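Input: a single structure, listed below in structure tokens.
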Amino acid sequence: MEYIYEKETYKIRGCMMNLYNELGSGFLEKVYQEALGIEFYNNGIPFQREAPLKVYYKGQLLQQEYFADFICYDKIIVELKAVSELTNTHRSQVSNYLKATNYELGLLVNFGAPELQIERLYNYHKHRNKNKDCAD
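In terms of the numbering used here, the sequence shown opens at residue -10 and continues consecutively.
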């Protein structure tokens, strides 16, 4: 099975594994965020940290903004958590980021569980619209 942005996500996941192997679980999310920024930098991964995401409604820019933990390669959202277990609320947060940006891929990462958790989340809204356009 082929994944979108396979090479990029492979490098991103490697950084996350390095970080988890070094720190393990139990730290606050901000600690992992800062350390992951160092990992990304040291591995040549282009990123924006705490990147503001603009939200539009019917073409009009809203005052409310989201802030993604990272945007890597100008196309992949990376959202960090340090919780005992990921929930659908966390997944919905990343899905909303994808809808707001129209990016195709988000990585939801949890450093708080006994094992590192990384989930790939796709912008199904974007793909549904593409398929709808193709059907017309």
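Just so you know, even glycine gets a beta-carbon here, dropped at the ideal spot from N, CA and C. These numbers come from a predicted model, not from an experiment.
Asked	Found
Can you name the residues that DSSP bridges to N32?	DSSP, once it has assigned bridges, lists no residue as partnering N32.
Contact defined as beta carbons within less than 8 Å: I believe N7 pairs with E28. What is the distance between those atoms, to the nearest angstrom?	6 Å
So, are the CB atoms of Y111 and L97 less than 9 Å apart?	no
With distances taken from CA atoms, which of K0, Y62, A57, E74 is nearest F100?	E74
Which partner residues does P41 have in the DSSP bridge list?	F56
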